[in-house]
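Worksheet: one structure, shown below.
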Amino acid sequence: EGEVENRIYYFHTDQIGTPLEMTDAEGQIVWQA
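This is the structure:
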């Protein structure tokens, strides 16, 4: 069986909840609109 790697990501949204970017636990941007 392969190993499972858990990661934490944070979504950053505007005032109405639209996603603008996602960062990892180190604060690096991993996705941006």
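The numbering used here applies: residue 3 is where the sequence shown begins, and numbers increase by one.
Yeah, the Cβ is synthetic: ideal placement off N, Cα and C, and Gly gets one too.
Boundaries (first-last residue) of the beta strand (DSSP E) holding residue i
i     : result
Ile31 : 31-34
Tyr23 : Per the sequence shown, residue 23 should be read as Glu rather than Tyr. Segment 21-26, the beta strand (DSSP E) holding Glu23.
Pairwise C-alpha distance: residue j and residue i
i     : j     : result
Pro21 : Gly29 : 16 Å
Tyr11 : Asp26 : 4 Å
Glu23 : Gln17 : 13 Å
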